[in-house]
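Okay, so the sequence shown: first residue is 0 according to numbering that gives the first Met the number 0, each after it adds one. Built from N, CA and C at the ideal position, the CB exists for glycine as well. Given the structure is predicted, the values throughout are model-derived calculations rather than measurements. See below for the structure under consideration.
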Amino acid sequence: MKIARFSQLGFILAAAGSAVGLGNIWKFPYIAGEYGGGAFVLVYLVTVLVIGFSVMIAEMLIGYKGRLDGVGSFEKLSPAGKSGWKYAGFMGFTGLLILTFYSVVIGWIFHYVVVALSTLPSSVSEAEQSFHQLLSAGIGTQLFYHTLAFMAITSIVVRGIKGGIEKINMKLMPILILIVTGMFFYALSLDAFSKAWEFMFVPEWSKIDSEAIVVAVGHAFFTLSLGMGAILTYSASLPRETNLTRVSLIVIALDTGIALLAGLLLFTFLFEYGAGPAQGPGLVFISLPAVFYEMGILGTVLALLFFIALAFAGLTSAVSLLEPMVQYLIDRSNFTRFKATLSAGLFFYIVGIVSILANSSEFSQQLTFGSRNFFDWMDFITASVLLPVGGLAMAIFVGYVMPKTQVQAALKGSMNDRGFALWYAAIRYIAPAALLIVMLNLLGME
Ligand code: PFF
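Shown next as structure tokens:
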């Protein structure tokens, strides 16, 4: 199967577009808030650099050398007698499961773009009420915006790597970076910035426990889009001579940079207007709109820019969640791109509707199983179980299944001997051990 290749910059922006998503702007600030700030941020940063970086190179390497969809690439690189490893490529299905709630959240963001344009809630309690109203009684509204998200995502993916994914990332990523840095500079001029800085970067070790560490490690995976074949599938279209170390470092720097800037600017706004940092998932949908209201006309502009940036971040990640399955259907089942996009798209669209219903007061009872509803189960199973399992499979495949000589040869242009020795130790010992601990702990937390 011949695939149109990314340009070098196109790949970097597409991979960064995949990594920078709702995880950076919506999730990272609120979990940093919930787990006490500085110490949590430090654990997250160390994980991103040590484990995230080494697994990202491994995932890129599988796609870069395999040149096929996940299943095909694993199969092609498996030594004789170990072709069963091709089943690891089915991790691409995780993306569809993530999309079943990710698309719904993108829908909420679309709704908040409209809210920013019309009337922002005038207090936190009003904001809280309207957010809960949207979730519990706004089935029609959510369905409308989920449909819009489905149309936006599929209409990009159907145009392929070059004409769809690369093109959209080349446009949206620079705008997103510009908006976030612009808002950051505004935050820098406010008094509360130093408080936000202190909150994010001065660790208070007493606030951190094993749960916080586990969440930080799990989030490092989610935010870097590792463990489900998105980076793998994109890497199959990398230009031939690519320095994987350099490319991963740039992607990680962009992802981490945006998360930190988003965290700093959000907390500055919240502290400036007296709102607390530990608001949970409603942080950007409840506290923030109320803060924007307080800022008057400038707040309306900032709210609009903020939700547009968030929508862009969500969309560029969503296309990378769909592409692995689409590529699989094209490569392995001889689907046309149109048929592949439509069938994979309809899957997440329809199951996404179940996620919407699960949050509504009318159907939540039927769609709650044990401790969580359908929406939360999808989030938990994918982020806490499937992504770490996928990451573990990649680390073991590259560290133990592929012959060392082949791996070293593949990375010749990307690192020197010393770098290789360090990376190889990380992928064989540190990453699998950390991932196993995280998975066991998360399951134990249930
Ligand atoms: N990295 C995205 C975020 O931070 O929102 C989410 C994501 C995209 C996870 C693609 C996994 C993936 F393969």
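Residue from the options with nearest C-alpha to residue i
i: T222; options: N242, E165, L253, Q365; result: L253
i: A447; options: N415, T140, G163; result: A question about residue 447 goes unanswered here, because the residues of the chain that appear run from 0 up to 445.
i: L142; options: Y86, A308, N358; result: N358
i: S229; options: F396, S82, K75, L95; result: The sequence shown places Ala at residue 229, not Ser. Answer by Cα proximity: L95.
i: E197; options: S6, L264, F5; result: L264
i: L304; options: V40, M182, G65, I11; result: M182
i: I296; options: A186, Q7, S117, W25; result: S117
i: V157; options: L341, Y29, L269; result: L341
i: A79; options: A409, M414, P402; result: P402
i: I30; options: G298, G217, M414, F311; result: G217
i: Y272; options: G298, T255, G281; result: G298
i: V214; options: A408, Q7, K26; result: K26
i: M172; options: T404, G9, S360; result: G9
i: S413; options: A38, E240, L391; result: E240
i: I138; options: F5, E361, N333, L328; result: E361
i: R427; options: V406, A408, V397, Q405; result: V397
Buried/exposed call for residue i, threshold 16 Cβ in 10 Å
i: T244; result: buried
i: M438; result: buried
i: A148; result: buried
i: S188; result: exposed
i: K206; result: exposed
i: D330; result: buried
i: Q132; result: exposed
i: D68; result: buried
i: V113; result: exposed
i: V123; result: buried
i: P323; result: buried
i: N168; result: buried
i: W107; result: buried
i: F337; result: exposed
i: E203; result: exposed
i: T381; result: buried
i: T267; result: buried
i: K170; result: exposed
i: Q128; result: exposed
i: S53; result: buried
i: F184; result: exposed
i: A452; result: For residue 452 there is no data in the structure shown, the boundaries of the chain being 0 and 445.
i: G51; result: buried
i: A115; result: buried
i: I11; result: buried
i: F368; result: exposed
i: I257; result: buried
i: A425; result: buried
i: A3; result: exposed
i: A261; result: buried
i: N23; result: buried
DSSP beta-bridge partners of residue i
i: F368; result: R371
Below-8 Å beta-carbon distance, residue i vs any chain B residue
i: G279; result: Of the protein chains in the structure, only one exists, and it is not chain B.
Problem set entry | Segment contact, 8 Å Cβ cut-off, at least three pairs: the segment 4-21 with the segment 171-182 | yes
Problem set entry | the segment 100-111 / the segment 306-322 touching (three or more Cβ pairs under 8 Å) | yes
For this session: Spell out a yes or no on whether the segment 27-35 and the segment 373-380 are touching, meaning 3 or more CB-CB pairs, one atom from each, closer than 8 Å.
Result: Short answer: they don't touch.
Exercise. Would the segment 284-298 and the segment 40-51 be scored as touching if the rule is three or more Cβ pairs under 8 Å?
Worked result: By the Cβ criterion, the segment 284-298 is not in contact with the segment 40-51, since fewer than three pairs of Cβ atoms, one from each stretch, lie closer than 8 Å.
Exercise. Three or more C-beta pairs closer than 8 Å, one from the segment 59-73 and one from the segment 230-243: is that the case here?
Worked result: yes
Exercise. Between the segment 83-93 and the segment 384-393, do at least 3 Cβ pairs fall closer than 8 Å?
Worked result: yes
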